Each structure stands twice: as structure tokens, then as C-alpha cells.
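Those protein sequences? They're chains P and R, same order as listed.
Just so it is clear: in the first sequence, position 31 is 37 by this note's numbering, and no numbers are missing.
Just so it is clear: in the second sequence, position 69 is 1355 by this note's numbering, and no numbers are missing.
The beta-carbon is built from N, C-alpha and C at its ideal position, and this holds for glycine as well.
Predicted model, so just to flag it, every value in this text is computed and none were measured.
Following: one structure in C-alpha cells, then a few remarks.
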Amino acid sequence: MLNSCTTKYPISIKVSASLIVTALTLLCISVALAHGVDANTQKFLQANQGVAIGPFMYIGAKHMLTGYDHLLFLLGVIFFLFRTRDILIYVSLFTLGHSLTLFFGVLENISVNAYLIDAIIGLSVVYKGFDNLGGFQRLFARQPNTKVAVLIFGLFHGMGLATKLQDFDLPEHDLWKNLLAFNIGVEIGQFLALFFILIFLNLWRRFNCYFSFAVATNTLLMAAGLVLFGYQMIGYVLST
Amino acid sequence: MNEVNIPVQSLKTLIISMISALILAFLILVVFIGPAEYGIDPTGLGKKLGLTVLAKPLAENVKRAVSCPTGEQAAGWQDIVQITIPARSGLEYKFYLQKNAQITYVWSSDNEALYFDFHGEPAGDKSGYFKSYRETTANASEGDLTAPFTGTHGWYWKNDTNKTIQVTLKTKGQYKIKGLI
């Protein structure tokens, strides 16, 4: 049943193939854009003083929606989640993880090298692709707890967000309000992203070849993660 | 323990998949990202695709953006500088002035009018505060300024056209050139 792509749904191969090509093209384009903050946002963050709920929420949402590293990881996480309950649990764990480090990172002024943290985020994508292929069970005969893994990688993703925000010497006064706004924005962005990813996945899951293309998709996911990792590591080496 | 069932792929599939991911990632890094982001182009393909332009080191761009015309040291001016503002981008050229120090200036664009913001930022200020002295769209401007505070003072020009614009800026006064920022 799993491999009945060719006979039952001949069109789905074409669809899936073109989806993959599109995804790859998008990846190439988006990697070329720096995943930081654009010039206008930068100007705002540097000039802003005091509480600005709206703008910070917007920046948070935008950061999530344009952050291909976060989106790729989310795609990997929900790739094999079919029940709404599971999706909610995993996404909540991811949210918990990144909110914790975002808050503590910024409030306690813990800063990590942006290249290194983004490299780890790249690795989180590789991990998820590998995991989705059953790599851990096949090669190591055991499966690491996927919930704990999502939480831990969530912590790293939040650290990445914190590092980017800290570049701006945000005013200390009422900082937590702005942070909260930013975080809520991130969650809104994540919700919107999930919404579209799920529509896309549910559409795709109607074709039987979802499972046969799972290998190709997760291979691409690993490749994308490795690209992000390499991109950040070269940056790190050149910057030191 | 895990209620989520992930289909475990065969060892062969897994290895093929890992190797393809590595090769694909390596190719994208070497052919596209290396040249475009860092100017590292081992295959030479990046240059053929024109990607290496994106990764010109900042210093190089700066050098090309500013040139000091010689033989044009018009009477009375201390410094003359020609600033190249690429199409669809903006840049800043700044001077450091003590409080109450003066700067007299005249600048003109070789072509179209462009948006500019003549402003100052207090030294040591980290909040991002700045004070605008003049902000409008024009192809030339002149005047003098007595610095209201110690810090950097200068222009932000924004070129919204599709052609590069040359701005010639002549200045005199009690200042230190900070240059392009």
C-alpha cells in the first residue's frame, strides 16, 4: 500500500516532485537572505525606547514566519504526527523550550555566539530529518525520547532568538514587557506557520506516496540542516 | 514510550539518504553559499553565476564609495569628498564634533534628488537617540551647524532611483572625519 504511488495516483508523483523542487528553490533563495533582522527593523530596535507592544509582537511574528530554520524544524517535528493532540503536545514543548531561553537569555544577558547557536539550530534540523528516517532505531537500536529532544532543541532555538535581540542593547526599563510582546508575536507567527504547514501536509497525506516520499523529504530536510550548519560554521571560522 | 510511529527505513535507504544529504548540502554550500555569502569560490562557478559580487568585503565597497577628487580643492574648503550611493540603497557619512563646534557644508548630487536626513547622535549614547537638523528630498543642500552636543553629526542619504548617484560634499570647520558608516 505504501508504495502504490505509480499505479493509483500517477499525478501525485508529479505534484510531490514539483513540491520538492519548489521547496528546494525556496530554500536556496531564503538561505541567501540573511536570517537576521532587516534594516528597517534594525533602525526601529535601535531607536526604540520604552514599551512598544505592537511593534515587538510584529517583529516576533515576522521573525518566526521568515525564519526558515525554525520552520524547517517544525516541519520535521510534525511530519509524522497525525493526531491533533500529539501536534499540540510537541509544539507546546517546543514553545516552552524557546520561551524559557528567550526570556532568561535576554533578561540575564546571557549571550552566545550567534554563528554557533545558529549552527546548532541547523543541526536540530538534521537531527529531525535523521530521526524521521528511523535513523536512531536502525543505527543505534534505540530511540531517544522525542519529547525531551524537542524541548532541548526548543531551548537552543530560544537562545538564538535571545542572541539576536541582545545585539540591540534594548533599554532595561520595562524590558520584560517588550520581551513578552516579542514572545507572543513569535507564538502567533508559529501558529500561522503551523496552520499553513498542516494544510500543506494534510493535502499531501491524502496521496499514498506521502510515505514513499518521506525518505526524499527527510533527506532534503537533512541536507537543508547541513547547509545551515555549514553556512554558520564558515561564518564562525571567518569571524574569529 | 513513543506513541508516534516512525517508519524505520532499511539500512541501505538510510545510508543512501545520508550520503545524498551530505553531497547535496556540500554542493549548495560550495557552489552557492560560499561564493555569495563569503566570497569563497573553490569551483569558480560562483563567479560565473555572478554570485561573488554579493560578498565583496565591506572595506572594498567603502573604498570605492568614497574618493577624494584631486585638483578640485576649491577655495576655502577643508575637505571635499565624493560619495557614491548605489542604486536603491542608502548610506551615512559622518563627522565628529565637540559641543558648540561648527561645520559649514555644501553638497550636491550629480543627478537626481535624493532623500536625506542631516542628523546628530550624542557620543556614548546607546539608546539610539538622534536629532534631525534637516530632513527632506533635494539634490543639493548647504548651510552650517553649531553642534548642540558632542557626538557624530552627518548625513544619511537614500537613493531610491535605479542609478548610482554621486554626492560631492565640501566641508570646513572644527571636526574630525568619521567617514562612511
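So what does residue i bridge to, in DSSP terms?
i: residue 76 (chain P); result: Answer is none; residue 76 (chain P) lacks a bridge partner.
i: residue 1408 (chain R); result: R:1437
i: residue 1420 (chain R); result: R:1404
i: residue 1457 (chain R); result: R:1365, R:1391
i: residue 133 (chain P); result: In the DSSP output, where bridge partners are listed per residue, residue 133 (chain P) has none listed.
i: residue 64 (chain P); result: In the DSSP output, where bridge partners are listed per residue, residue 64 (chain P) has none listed.
i: residue 1375 (chain R); result: R:1445
i: residue 1428 (chain R); result: R:1392
i: residue 1370 (chain R); result: R:1452
8 Å is my cut-off, CB to CB: does residue i come that close to chain P?
i: residue 1338 (chain R); result: no
i: residue 1371 (chain R); result: no
i: residue 1300 (chain R); result: yes
i: residue 1413 (chain R); result: yes
i: residue 1452 (chain R); result: no
i: residue 1389 (chain R); result: no
i: residue 1292 (chain R); result: yes
i: residue 1455 (chain R); result: no
i: residue 1368 (chain R); result: no
i: residue 1464 (chain R); result: no
i: residue 1383 (chain R); result: no
i: residue 1364 (chain R); result: no
i: residue 1303 (chain R); result: yes
i: residue 1460 (chain R); result: no
In its own chain, which residues sit with a C-beta less than 7 Å from the C-beta of residue i, not counting the 5 before and 5 after it?
i: residue 83 (chain P); result: 96, 100, 134, 156
i: residue 1317 (chain R); result: 1329, 1331, 1332
i: residue 106 (chain P); result: 161, 164
i: residue 126 (chain P); result: 162
i: residue 77 (chain P); result: 199
I want to see whether chain R comes within less than 8 Å of residue i, judged by CB atoms only; does it?
i: residue 61 (chain P); result: no
i: residue 244 (chain P); result: yes
i: residue 203 (chain P); result: no
i: residue 232 (chain P); result: yes
i: residue 65 (chain P); result: no
i: residue 236 (chain P); result: yes
Ordered along the chain, which non-local residues of its own chain (more than five positions away) have a Cβ less than 8 Å from that of residue i?
i: residue 1445 (chain R); result: 1371, 1372, 1373, 1374, 1375, 1376, 1400, 1451
i: residue 1344 (chain R); result: A caution first: residue 1344 (chain R) carries a pLDDT of 49, below 50, which makes its placement in the model unreliable, though a value can still be read off. Closer than 8 Å at the Cβ level, and outside the excluded window around residue 1344 (chain R), lies no residue.
i: residue 1320 (chain R); result: 1326, 1327, 1328, 1332
i: residue 1364 (chain R); result: 1457, 1458, 1459
For residue i, I'd like the list of residues in its chain whose CB is within less than 6 Å of its CB, leaving aside the five on either flank, ordered along the chain.
i: residue 1459 (chain R); result: 1388, 1389, 1390
i: residue 111 (chain P); result: 165, 168
i: residue 1325 (chain R); result: 1338, 1341
Answer yes if the segment 1292 to 1304 of chain R comes into contact with the segment 229 to 240 of chain P, meaning at least three C-beta pairs across the two stretches below 8 Å, and no otherwise.
no
Report the residues of the segment 81 to 105 of chain P with a CB closer than 7 Å to any CB of chain R, ordered along the chain.
86, 87, 92
Does the segment 115 to 128 of chain P come into contact with the segment 206 to 226 of chain P, if we say contact requires no fewer than three beta-carbon pairs (one atom in each stretch) closer than 8 Å?
no
Along the segment 1306 to 1332 of chain R, where does the CB come closer than 8 Å to a CB of chain P? Name the residues.
1306, 1307, 1308, 1310, 1311, 1312, 1314, 1315, 1318, 1319, 1320, 1322, 1323, 1324, 1326
Okay, do the segment 1377 to 1389 of chain R and the segment 1426 to 1442 of chain R touch, 3+ Cβ pairs below 8 Å being the bar?
yes
Check distances from the C-beta atoms of the segment 138 to 165 of chain P to those of chain R and list, in chain order, the residues that come in under 8 Å.
138, 139, 140, 141, 143, 144, 145, 149, 151, 152
Output needed in chain order: residues of the segment 215 to 230 of chain P with a Cβ under 9 Å from some Cβ in chain R.
217, 220, 221, 222, 224, 225, 226, 227, 228, 229, 230
The segment 227 to 234 of chain P touching the segment 125 to 134 of chain P, judged by at least three CB pairs closer than 8 Å
yes
Taking any Cβ of chain R, which residues in the segment 109 to 127 of chain P have a Cβ under 7 Å from it, in chain order?
none
Cβ contact check for the segment 193 to 201 of chain P and the segment 135 to 148 of chain P: 3 or more pairs under 8 Å:
no
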